[in-house]
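Take a look at the structure below.
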Amino acid sequence: MADTNPFLPVSTSDESFPTQRRPIKQQLLIIFGLLSVGLFAAFLLGSSNGSDNAYLQENEHGSLDMSTSASGKPEILRPLTPAAAAGVSEKKNMRFAAKLGAESVAFPWNNSMLSWQRTAFHFQPEKNWMNDPNGPLFYKGWYHFFYQYNPNAAVWGDIVWGHAVSRDMIHWLHLPLAMVADQWYDENGVWTGSATILPDGKIVMLYTGSTKEAVQVQNLAYPADHNDPLLIKWVKYSGNPVLVPPPGIDDKDFRDPTTAWLTSEGKWRITIGSKINKTGIALVYDTTDFINYEKIDGWLHAVPNTGMWECVDFFPVSKTEGNGLDTSVNGPGIKHVVKASMDDDRHDYYAIGTYYEKNATWVPDHPEIDVGIGLRYDYGIYYAAKTFYDQNKSRRVLWGWIGESDSEAADVQKGWASVQSIPRTIAFDYKTGTHLLQWPVKEIESLRLTSNEFNQVTVLPGSVVPLEVGSATQLDIMAEFEVDKDALEKATGSNATFSCQTSNGASEHGALGPFGLLVLADMRLREQTPVYFYIAKGSDGNLNTFFCNDITRSSVAYDVEKHIYGSSVPVLKDEKLSVRILVDHSIVESFAQGGRTVITSRVYPTEAIYGAAKLFLFNNATDVSVTASLKIWEMNSAFIRPFPTDEM
Amino acid sequence: MKNNIISFVLLQIAFSFTFLPETHQLSSSTNLNLVETTCKKTPFYNLCLSTLQSDPRSSKADVAGLAHIGADKVKARATATLRQITVLLKGAKDPKLKTALTECLDLYNTIIKYDIPVAIDAVVKGNPKFGVESAADAANEANDCERRFIKSPISGSNKAVHDLSSMVASIVQLLL
């Protein structure tokens, strides 16, 4: 019976509780409740008079972790035996006695923990703060990546453009800063911008400057020497700024110009995010020379109550072909995507629709999932994303900024903050017609080292299966799950609505979920980061699949954010449930159903690090067994470093 | 030890007076309204009102200005707390207390050197989301400090810095 509560972080030892499940649950709830209340009271007495607020990082889960520490008991552990057959783990279902030991209240981060957090194959500067991706492009054999960078500290401020190049978007070499804040029109920051490659191969860069009066204006820059494939030196146009906030737009609501695309008249068109009251909008401008602009009346699109739109992106996708399209491509068989980053909730939302070139507007296919109220690129930490067309490999590639979810004190201590996602190819999902598919660029596969395969591993309800993969902090995991069909049929439907965020996370006990993987887990499962599916059966008999990432137990430290991320994921008839997970130290990028739903999280374990980080399968469903097949690669480092100066 | 605590309680009382509403009258009634409507949108209405009304700059400030004033108050309170911690540290004998105080020293340094300057910068430069995050972080660091003690000698200060920072985060949120 203990197996029915495998995830509860309190001791579930058999003698402590009566044998029926429901009373146990109730008792546990009561105990949890009392502990939580006690803790909350203690906390209130200690530091607050009850005026709790929305910004506190401590949450219910944090409290639970804390409270359970008081009830810590010696662990009963079953030793893991070596894999029974080559590459195949023991199929025996290990009991999941996850609970927390006595933890001191304070949590000092030591250097070994902090250095472990630095990633091995995700892009990051050598030190200090990074945010938005800027002006990605391919030029003369090199992929160029620019980024918002604070050269002076591990927190936001003093923003300039960092620059790096790569042959494959994986192995990056740092170059000198591309642009610094040295003009009145960008004195308060060289902010986000995009590149456009002209038909003659030359490059123009449009970026937002925060002027000495902190007015947001658009500026033009271009490479000093187009013969230099590294594009090291950049020139700012002497007549900058080229665009200032138009009447009716606030001085501080006018930023992040897109890549330009051609109209059928041969003019270049760009869009820039803004807002009017609480309506998020995308302004449109036409230009022939990138110096003089004509504002088009109205806007490309507007959605009420979504607030300021940052980092708007606009690009075509083919309804029929997997190839990416140049930003200027338009015509039959093509849809257009509008993406905006919502200043209000710091998430990136996209919608697919139709672009009407003549009046420079765009209309979503499904207004109920319009920009800002519908689908997100990523349901974890992921913001200010930007695509570019990679003419080298005929694909559209998406970059996105992944911030930290620890404290700024920890960021200052470790000396850096933020990473970029592995670039993702992005394409229309013609199977659903509503979603985009995001997938790590195939070049990432060059980092794959040894692999382990596990075929048809049965994971019984309420069980955990360790997967012997050696080192588990740099992994590329591909997994498929088959769910027992009889159990799906037999399960009783319910009217209850499910969501990852409001559920109990991986410790939920549904009839048909959760099940999936535990990454960055220590042997005793004190720390674990579950990535999983949850199938909810409606009273109409329909199945709804959710894809979640529960980081509430990712660390015993309390000064890190602890959420349950996730969303629904469409699963079509005859599709198996599939997930790909890239684990790279403190970053976990998870892609469900070929990239239909994606979750990126940052986790900061204290014990499940280095050699102590392990990988497990789990199934916390009450009524269904799942069969998992996996291929798991250990990943090499990308050895991101400065460009060798003698070759510059 | 006991004497120390008493003296710090007194110290705190002295500090808390700094934050009592002064008799200073705001010259413009419209701005009194702005202070009130702004403070109503924070979780600490009374604290917000007394803090902002005590500063003559509030009479002419817009919401961004109020956020800036609020951030200045956090900085002042955090700086005072840092001094308090330094004094406590000199007299501390208990190794656990010493450790906690040393850790708080780092946390308050983060608030003073990073969180609050970033919050002000973000408001002044017009990219408020970074200000929301930094001010919220300052609140968290103050809480974090509090949690490091078995029995905190600086609860009042931690609470004040936490509440003020949360208040500032709420005001900056209005600028998004």
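Protein chains in written order, with this note's numbering: chain W, 1 to 648; chain S, 1001 to 1176. Cβ atoms here follow ideal geometry from the backbone N, Cα and C, with glycine treated the same way. This one's a predicted model, so the numbers in the text were calculated from it and none came from an experiment.
* Examine chain W for any beta-carbon lying closer than 8 Å to the beta-carbon of ASN1033 of chain S, and answer yes or no. => Residue 1033 of chain S sits at position 33 when you count from the first residue of the second sequence. Chain W, which has no Cβ nearer than 8 Å to the Cβ of ASN1033 of chain S, makes this no.
* Can you name, in chain order, every residue of its own chain whose Cβ lies under 6 Å from the Cβ of ARG641 of chain W, other than the five neighbours on each side? -> Counted from its first residue, the first sequence places residue 641 of chain W at position 641. Closer than 6 Å at the Cβ level, and outside the excluded window around ARG641 of chain W, lies no residue.
* CA-CA distance, TYR1108 of chain S and VAL419 of chain W? -> Your numbering for residue 1108 of chain S matches position 108 in the second sequence. Your numbering for residue 419 of chain W matches position 419 in the first sequence. Looking at the two C-alpha atoms, the distance is approximately 26 Å.
* Asked: Less than 7 Å between the CB of GLU404 of chain W and some heavy atom of the ligand HEM, yes or no?
  -> Within the structure as shown, the ligand HEM is missing, as the structure has no ligands at all.
* To do: Within the region 1078-1117 of chain S, note down every full alpha helix (DSSP H) run reaching 4 residues or more, in order along the chain.
  => Along the length of the region 1078-1117 of chain S, whole alpha helix (DSSP H) runs at least 4 residues long occupy 1095-1110, reported in chain order.
* To do: Throw me the rounded Cβ distance for the ALA384 of chain W and CYS311 of chain W pair, which I believe falls under 8 Å.
  => Position 384 of the first sequence holds residue 384 of chain W. Position 311 of the first sequence holds residue 311 of chain W. The pair is a contact, with the Cβ atoms about 5 Å apart (cut-off 8 Å).
* **chain W residues whose Cβ lies nearer than 7 Å to that of LEU1176 of chain S** => Within the second sequence, residue 1176 of chain S is the residue found at index 176, counting from 1. Listed by position along chain W, the residues whose Cβ is nearer than 7 Å to that of LEU1176 of chain S are GLY307, MET308, ASP343 and ASP344.
* Using a Cβ cut-off of 9 Å, which residues of the region 1097-1115 of chain S contact any Cβ in chain W, in chain order? -> THR1099, ALA1100, GLU1103, ASP1106, LEU1107, ASN1109, THR1110, ILE1111, LYS1113, TYR1114 and ASP1115
* chain W beta carbons: is any one of them nearer than 8 Å to that of GLY1070 of chain S? -> As a first step, residue 1070 of chain S is located in the second sequence; it is residue number 70 there, counting from the start. Not one chain W Cβ lies under 8 Å of GLY1070 of chain S.
* From the DSSP output, which residues share a beta bridge with TRP172 of chain W? -> Sequence index remark: in the first sequence, residue 172 of chain W carries index 172 (1-based). Answer by DSSP bridge pairing, in chain order: W:SER166.
* Any Cβ of chain W within less than 8 Å of the Cβ of GLU1199 of chain S? -> Since the first residue shown for chain S is 1001 and the last is 1176, residue 1199 of chain S is missing from the structure and cannot be characterised.
* Asked: Rounded to a whole number of angstroms, what is the C-alpha to C-alpha distance between ILE1171 of chain S and VAL1063 of chain S?
  -> Stepping through the second sequence from its first residue, residue 1171 of chain S is reached at position 171. Stepping through the second sequence from its first residue, residue 1063 of chain S is reached at position 63. The C-alpha of ILE1171 of chain S lies about 7 Å from the C-alpha of VAL1063 of chain S.
* Asked: Who are the Cβ neighbours of SER394 of chain W in its own chain at under 8 Å, not counting the five residues just before and after it?
  -> Position 394 of the first sequence holds residue 394 of chain W. If we look at SER394 of chain W and ignore the five residues flanking it on each side, its Cβ neighbours are ASN323 and GLY324.
* Asked: GLY331 of chain W: buried (16+ other C-beta within 10 angstroms of its C-beta) or exposed?
  -> Indexing the first sequence from 1 puts residue 331 of chain W at position 331. Per the 10 Å Cβ criterion, exposed.
* To do: Please list the partners that ASN188 of chain W has in chain S, where partner means a Cβ-to-Cβ separation under 9 Å.
  => Walking along the first sequence from the start, residue 188 of chain W turns up at place 188. Those are ASP1121, VAL1124, LYS1125 and GLY1126, listed as they occur along chain S.
* Measure from the C-beta of LYS1073 of chain S to each C-beta in chain W and report whether the shortest distance is under 8 Å. => Here residue 1073 of chain S corresponds to residue number 73 of the second sequence, with the count starting at 1. Cβ-Cβ to chain W under 8 Å: no for LYS1073 of chain S.
* Note down, in chain order, each residue of its chain lying with its Cβ closer than 6 Å to the Cβ of TRP633 of chain W, except the 5 sequence neighbours on either side. => Taking the first residue of the first sequence as position 1, residue 633 of chain W is located at position 633. Result list for TRP633 of chain W: ARG448, SER451 and ASP476, in chain order.
* To do: Would you identify the three-state DSSP class for TRP184 of chain W, choosing helix, strand or coil?
  => Sequence index remark: in the first sequence, residue 184 of chain W carries index 184 (1-based). Three-state DSSP puts TRP184 of chain W in a helix.
* For TYR356 of chain W, count neighbouring C-beta atoms within 10 Å of its own C-beta (all shown protein chains included) and say buried if the count is 16 or more, exposed if not. => As a working mapping, residue 356 of chain W is identified with position 356 in the first sequence. Exposed: under 16 other Cβ atoms inside 10 Å.
* **Simplified DSSP state of LEU447 of chain W, which is helix, strand or coil** => Numbered from its first residue, the first sequence carries residue 447 of chain W at position 447. The answer is helix: DSSP assigns LEU447 of chain W an H, G or I state.
* With C-beta atoms as the reference, is LEU1101 of chain S less than 8 Å away from LEU1082 of chain S? -> Looking up residue 1101 of chain S in the second sequence gives position 101. Looking up residue 1082 of chain S in the second sequence gives position 82. The answer is no: Cβ separation not under 8 Å.
* Asked: So who's on the other strand from ASP286 of chain W, going by DSSP bridges?
  -> Taking the first sequence and counting its residues from 1, the one referred to as residue 286 of chain W is at position 286. According to DSSP, ASP286 of chain W bridges with W:ARG269 and W:GLU294.
* Is there at least one Cβ from chain S nearer than 8 Å to PRO125 of chain W's Cβ? -> Translated into positions along the first sequence, residue 125 of chain W becomes position 125. So, not an interface residue.
* Please name the residue, chosen from W:VAL337, W:ILE609, W:LEU231 and W:ALA487, that lies closest to LEU437 of chain W on a Cα-to-Cα basis. => What you label residue 437 of chain W is simply residue 437 of the first sequence in a count that begins at 1. The shortest C-alpha separation from LEU437 of chain W is found at W:VAL337.
* What's the gap between the Cα of THR627 of chain W and the Cα of MET179 of chain W? -> Working through the first sequence from its first residue, we reach residue 627 of chain W at position 627. Working through the first sequence from its first residue, we reach residue 179 of chain W at position 179. Looking at the two C-alpha atoms, the distance is approximately 53 Å.
* Any contact of the region 545-564 of chain W with the region 498-507 of chain W, i.e. 3+ C-beta pairs under 8 Å? -> yes
* Asked: Comparing alpha-carbon positions, which option in W:VAL412, W:TYR147, W:VAL397 and W:LEU460 lies nearest VAL441 of chain W?
  -> Against the first sequence, residue 441 of chain W aligns to sequence position 441. The residue with the shortest Cα to Cα distance from VAL441 of chain W is W:VAL397.
* Asked: Near GLN1025 of chain S, what residues of its chain come up, given a Cβ to Cβ distance below 6 Å and the 5 sequence neighbours on each side ignored?
  -> On the second sequence, residue 1025 of chain S is found 25 positions in, with the first residue counted as 1. Summary for GLN1025 of chain S: the model assigns pLDDT 47, below 50, so the residue's position carries little reliability; its value from the coordinates is reported in the next sentence. Excluding residues within five positions, none has a Cβ falling inside 6 Å.
* Asked: What residues in its chain sit with their C-beta under 7 Å from that of ILE1085 of chain S, if we drop five residues either side in the sequence?
  -> Start at 1 with the first residue of the second sequence, and residue 1085 of chain S comes out as number 85. Same-chain partners within the cutoff: LEU1101, CYS1104, LEU1105, TYR1108 and ILE1154.
* Please check if any C-beta of chain W sits within less than 8 Å of the C-beta of ASP1062 of chain S. => On the second sequence, position 62 is the one that residue 1062 of chain S refers to. By this cut-off, ASP1062 of chain S is not an interface position.
* Asked: Under a CB-based cut-off of 8 Å, is VAL1118 of chain S close to chain W?
  -> Numbered from its first residue, the second sequence carries residue 1118 of chain S at position 118. Closer than 8 Å: yes.
* If SER586 of chain W sits next to VAL603 of chain W, beta carbons under 8 Å apart, how far is it from one beta carbon to the other, in whole angstroms? -> Here residue 586 of chain W refers to the residue found at position 586 when the first sequence is read from its first residue. Here residue 603 of chain W refers to the residue found at position 603 when the first sequence is read from its first residue. At roughly 6 Å, the Cβ-Cβ gap stays under 8 Å, so SER586 of chain W and VAL603 of chain W are in contact.
* So, is the C-beta of LYS1129 of chain S closer than 8 Å to a C-beta in chain W? -> Position 129 of the second sequence holds residue 1129 of chain S. So yes, LYS1129 of chain S belongs to the interface.
* Please decide whether ASP1144 of chain S counts as near chain W, where near means a Cβ-Cβ distance under 8 Å. => By one-based count along the second sequence, residue 1144 of chain S stands at place 144. Interface residue, yes.
* Please compile the residues from chain W whose C-beta is within a distance smaller than 8 Å of the C-beta of SER1058 of chain S. => Walking along the second sequence from the start, residue 1058 of chain S turns up at place 58. The premise fails here: SER1058 of chain S is roughly 21 Å from chain W at the closest Cβ pair, so nothing lies under 8 Å.
* Asked: Which residues of chain S have a Cβ atom closer than 7 Å to the Cβ of SER210 of chain W, listed in chain order?
  -> What you label residue 210 of chain W is simply residue 210 of the first sequence in a count that begins at 1. The answer, in chain order, is LYS1125 and GLY1126.
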